[in-house]
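The next block holds one structure in the form of structure tokens; read it before the comments.
There are 2 protein chains.
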Amino acid sequence: MMVTINDIAKEAGVAKSTVSRYLNNGSVSPRTKQKIDEIVKKRGYKPNTFARSLKAQKTNMIGVIIPRLDSPSTNEVLSGIDSRAHEKGYQLIITNANQEKEREIEDIYTLAKQKVDGIIFLAKEITAEHRKAIWDIELPFLVLGQHTKDIPSIVHDDYGAGKKIARHALELGHKEFLYFTVSKEDEAVGQDRYNGFMDEITKEGDAVVHSIETSFTMREAHQTAMEELPGTKASFVIGATDTIALAVMKAASELDLSVPEDISVAGYGGYDLFSFMTPALTTVKYPYFGIGDMAIDTIEKMIVKGEVPESQILSNELVIKETTKKN
Amino acid sequence: MMVTINDIAKEAGVAKSTVSRYLNNGSVSPRTKQKIDEIVKKRGYKPNTFARSLKAQKTNMIGVIIPRLDSPSTNEVLSGIDSRAHEKGYQLIITNANQEKEREIEDIYTLAKQKVDGIIFLAKEITAEHRKAIWDIELPFLVLGQHTKDIPSIVHDDYGAGKKIARHALELGHKEFLYFTVSKEDEAVGQDRYNGFMDEITKEGDAVVHSIETSFTMREAHQTAMEELPGTKASFVIGATDTIALAVMKAASELDLSVPEDISVAGYGGYDLFSFMTPALTTVKYPYFGIGDMAIDTIEKMIVKGEVPESQILSNELVIKETTKKN
DNA sequence: ACACATTATGGAACCGGTTCTATTTCAGTA
DNA sequence: TACTGAAATAGAACCGGTTCCATAATGTGT
Chain A
1 MMVTINDIAK
11 EAGVAKSTVS
21 RYLNNGSVSP
31 RTKQKIDEIV
41 KKRGYKPNTF
51 ARSLKAQKTN
61 MIGVIIPRLD
71 SPSTNEVLSG
81 IDSRAHEKGY
91 QLIITNANQE
101 KEREIEDIYT
111 LAKQKVDGII
121 FLAKEITAEH
131 RKAIWDIELP
141 FLVLGQHTKD
151 IPSIVHDDYG
161 AGKKIARHAL
171 ELGHKEFLYF
181 TVSKEDEAVG
191 QDRYNGFMDE
201 ITKEGDAVVH
211 SIETSFTMRE
221 AHQTAMEELP
231 GTKASFVIGA
241 TDTIALAVMK
251 AASELDLSVP
261 EDISVAGYGG
271 YDLFSFMTPA
281 LTTVKYPYFG
291 IGDMAIDTIE
301 KMIVKGEVPE
311 SQILSNELVI
321 KETTKKN
Chain B
1 MMVTINDIAK
11 EAGVAKSTVS
21 RYLNNGSVSP
31 RTKQKIDEIV
41 KKRGYKPNTF
51 ARSLKAQKTN
61 MIGVIIPRLD
71 SPSTNEVLSG
81 IDSRAHEKGY
91 QLIITNANQE
101 KEREIEDIYT
111 LAKQKVDGII
121 FLAKEITAEH
131 RKAIWDIELP
141 FLVLGQHTKD
151 IPSIVHDDYG
161 AGKKIARHAL
171 ELGHKEFLYF
181 TVSKEDEAVG
191 QDRYNGFMDE
201 ITKEGDAVVH
211 SIETSFTMRE
221 AHQTAMEELP
231 GTKASFVIGA
241 TDTIALAVMK
251 AASELDLSVP
261 EDISVAGYGG
271 YDLFSFMTPA
281 LTTVKYPYFG
291 IGDMAIDTIE
301 KMIVKGEVPE
311 SQILSNELVI
321 KETTKKN
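Protein chains in written order, with the UniProt record's numbering: chain A, 1 to 327; chain B, 1 to 327.
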């Protein structure tokens with residue numbers, strides 16, 4: 001059935017070690033080389049990556065664990081990871097944990113058994129169980145998006161992003177705010193962004209902030225917004241992600257509030273996918289694609305040099321569009 | 001370093017074949033079983049999936065080739081594939097061909113060398129080179145989204161979708177149309193949808209359709225729309241995908257055309273992600289998630305039973321929202 | 001207690017490659 | 001022509017498992 005190195009060797013009348021040498025770069029005489037060449041072409045021989053990896057103890061595969069597939073930020077990061085991985089000759093095994101912690105843990109072990117060379121984890125939260133798994137597998141492991149003590153990570157400047165939005169809002173003269181946040185379990189999104197915002201906003205003595213927790217999904221965020229918007233006196237609404245901000249805008253439209261005339265809206269993310277929406281959303285743009293690139297470069301260093309890099313922080317920028325205006 | 005079956009066997013004082021039998025389900029006496037049990041737990045032994053697959057000639061991995069990561073439809077399909085694959089104990093290797101034909105071909109071979117059990121291909125186009133690769137690798141291969149002679153596929157009823165939009169537009173009394181299509185190379189999106197639309201629309205003798213080709217990306221579609229919309233007399237615009245329709249809406253807004261008052265807009269897709277946009281887009285909703293489920297079920301049959309299934313067609317439904325109104 | 005069927009176990013071969021070592025081949029040099 | 005060193009090759013061992021086969025240890029019925 002499948003043609004193996006033995007078949008080639010037999011047909012060429014040489015030892016399989018010679019064929020192996022031919023395949024790699026060892027010394028083979030021009031004559032044998034040519035002979036093997038022909039046979040390999042004729043039979044369409046492709047070495048079995050599995051058998052090869054077994055001996056090499058290296059698969060050239062990088063495992064990526066993502067929390068969900070239907071998120072624009074995840075997709076942009078993934079695109080970045082993918083394009084750089086391809087450049088460098090790594091194959092990606094992407095596993096979707098579907099926002100379930102158990103599956104994340106399970107996936108860490110599965111990827112380890114699969115003998116990936118390293119794992120990149122787009123994290124929501126790092127619990128003690130995560131730490132145990134990461135420790136257990138003894139593999140290069142890189143966390144994206146959440147700062148984690150003792151584990152290499154690449155994070156966004158979420159705190160700074162919060163401050164930027166606050167500053168912008170204050171400059172526009174707003175005094176009362178409605179902040180849709182997410183669970184504090186997600187430190188980056190649920191705490192850092194919020195804290196940055198609050199620390200900056202309270203510099204202005206008379207600012208009032210109402211905050212309410214919702215979820216990452218548009219559906220739930222929309223529902224929360226439908227409940228909260230009617231009673232609010234806030235003139236400026238912040239969504240902890242662009243997706244949430246979008247859900248707020250949808251709700252506003254259904255409630256006959258126009259954005260930004262009646263109410264300003266801002267978010268965090270700056271996804272390409274949403275950049276064509278009307279009206280265009282004021283947001284803090286994160287370098288999602290770039291974080292992917294950096295992730296591959298970093299994990300590669302960990303794999304080949306065994307380096308344990310410091311945690312890296314990426315900056316972001318405020319992008320003022322059409323959903324915010326003077327109060 | 002990594003603990004192997006030999007280490008366990010030695011420590012337990014048994015042959016490695018016994019440990020192997022213990023791991024699988026062979027007959028092992030209660031006493032040995034318990035002894036091995038302890039040691040496995042203590043040492044945190046995890047069998048090497050690679051070595052296992054080498055003998056078993058089966059990896060429990062399914063390769064998925066996608067054209068791009070930043071597309072809502074791709075992501076919904078992928079979510080469906082992923083959730084079903086997980087249920088059935090398959091691991092996914094997802095490779096992103098980044099819309100390049102060469103990478104698609106390359107990925108087919110790479111996945112084959114990786115010894116995946118089967119490949120699911122989210123296709124844009126199937127060329128002769130694709131066919132050769134698919135033929136070469138001799139693996140269960142399933143095409144999604146494009147009908148292909150002699151290769152098992154699951155496709156959408158794109159022709160029917162086109163007809164549905166046409167019928168809806170006619171019922172609203174529209175006479176003049178602007179259709180943003182894509183390259184004919186993509187048969188499903190570029191031809192079938194369009195043909196369905198045309199066949200239905202021309203039943204009304206006096207309908208006029210202007211069609212123009214653009215690309216799948218929002219950016220390019222937006223630019224095309226900015227060029228085409230100003231001069232048009234059409235009262236109804238169709239985008240070959242929801243993404244294109246969205247770009248059209250963006251352009252309309254920038255040109256001070258209001259939707260649907262000045263112009264109606266419709267698309268194809270019905271992505272969850274866009275369902276919260278304002279105004280909500282009239283579209284044909286495709287069962288993207290379901291196609292993923294079906295894909296795994298089908299490829300599994302191909303893998304375990306060696307069946308070669310017939311091409312399957314999925315139906316879709318018109319969802320009338322806010323972007324279309326009477327003329 | 002004895003023949004006979006089961007179950008448990010060890011050893012070896014195998015999966016498809018890579019790599020180490022020993023041997024052969026072939027030049028180049030004295 | 002004989003000698004030496006480098007290049008080419010064959011053969012065996014190995015990677016970490018599974019599986020087949022033969023043997024050993026149990027258990028059953030009479």
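All C-beta atoms, glycine included, are put in the ideal place defined by N, C-alpha and C. For clarity, every value in this text was computed on a predicted model and none was experimentally measured.
Asked: Per DSSP, the bridge partner or partners of Thr283/B; Found: Gly267/B, Val319/B
Asked: Tyr109/B: contacting residues in chain A (beta-carbon distance under 8 Å); Found: Lys46
Asked: Closer than 9 Å at the beta carbon, the chain A residues around Glu76/B; Found: Leu69, Asp70
Asked: 8 Å Cβ cutoff, Thr148/A in contact with chain B; Found: no
Asked: Continuous alpha helix (DSSP H) assignments of at least 4 residues falling wholly in the region 15-93 of chain B; Found: 16-24, 30-43, 49-56, 72-87
Asked: Alpha helix (DSSP H) segment containing Val209/A, residue limits; Found: Note, Val209/A: premise wrong, no alpha helix (DSSP H); beta strand (DSSP E) at 208-213.
Asked: Close beta carbons around Glu129/A, own chain, < 6 Å, minus the five adjacent residues each side; Found: Ile105
Asked: Within-8 Å CB hit, Met218/A to chain B; Found: yes
Asked: Counted within 10 angstroms of its Cβ, other Cβ atoms place Ala56/A as buried (16 or more) or exposed; Found: exposed
Asked: Presumed contact (8 Å Cβ cut-off) between Phe121/B and Val143/B, rounded CB distance; Found: 5 Å
Asked: Neighbour flag for Leu54/A against chain B, beta carbons, 8 Å; Found: yes
Asked: For Thr323/A and Asn282/A, believed in contact at Cβ under 8 Å, the rounded distance; Found: Residue 282/A is actually Thr in this sequence, not Asn. With 8 Å as the limit, Thr282/A and Thr323/A qualify as a contact, their Cβ atoms being about 5 Å apart.
Asked: Burial state of Lys233/A (16 or more Cβ within 10 Å); Found: exposed
Asked: Complete runs of the beta strand (DSSP E) confined to the region 173-210 of chain A [at least 3 residues]; Found: 176-181
Asked: Reduced DSSP secondary structure (H/G/I, E/B, other) of Ile119/A; Found: strand
Asked: Continuous alpha helix (DSSP H) stretch holding His222/B: start and end; Found: 218-228
Asked: Other residues of its chain near His210/A: CB distance less than 6 Å, five sequence neighbours each side excluded; Found: Leu178
Asked: Own chain, CB closer than 7 Å to Thr148/A, minus 5 neighbours either side, in chain order; Found: Ile126
Asked: At least 3 beta-carbon pairs within less than 8 Å: the region 292-306 of chain B vs the region 63-82 of chain B; Found: yes
Asked: The region 21-34 of chain B in contact with the region 190-201 of chain A per 3-pair CB rule at 8 Å; Found: no
Asked: Where Ala243/B falls: helix, strand or coil (DSSP); Found: Note that residue 243/B is Thr in the sequence shown here, rather than Ala. Note: Thr243/B maps to helix in three-state DSSP.
Asked: Spatial neighbours of Phe43/A in its chain, beta-carbon cut-off 8 Å, leaving aside the 5 residues before and after; Found: Checking the sequence shown, residue 43/A turns out to be Arg, not Phe. Correct list, in chain order: Val3, Asp7, Ile8, Glu11.
Asked: Three-state class that DSSP yields for His147/A in the structure shown; Found: coil
Asked: Opposing strand residues paired with Phe141/A [DSSP bridges]; Found: Ile119/A
Asked: CB-CB length for Thr181/B against Phe216/B, believed under 8 Å; Found: The Cβ separation is near 11 Å, so there is no contact.
Asked: Under 9 Å by beta carbon: chain A residues contacting Ile5/B; Found: Under the 9 Å cutoff, chain A gives no residues; its nearest Cβ is about 13 Å from Ile5/B.
Asked: C-alpha gap between Lys325/A and Met277/B, whole angstroms; Found: 21 Å
Asked: Within 8 Å, strictly: CB atoms of Leu54/A and Ala51/B; Found: yes
Asked: Under 8 Å by beta carbon: chain A residues contacting Gln91/B; Found: Ile93, Thr95, Thr110, Gln114
Asked: Through-space distance from Ser73/A to Tyr288/A, alpha-carbon basis; Found: 7 Å
Asked: Residue-level contact to chain B via CB, Asp186/A, 8 Å cutoff; Found: no
Asked: Alpha carbon of Ile62/A to alpha carbon of Glu100/A, nearest angstrom; Found: 21 Å
Asked: Residue burial classification, Glu200/B (beta-carbon count within 10 angstroms, cutoff 16); Found: buried
Asked: Interface residues of chain A facing Met249/B [CB-CB closer than 7 Å]; Found: Thr278
Asked: Whole-angstrom C-beta distance between Glu213/A and Ser183/A, which should lie under 8 Å; Found: 6 Å
Asked: Proximity test, Cβ basis, 8 Å: Ala245/B and chain A; Found: no
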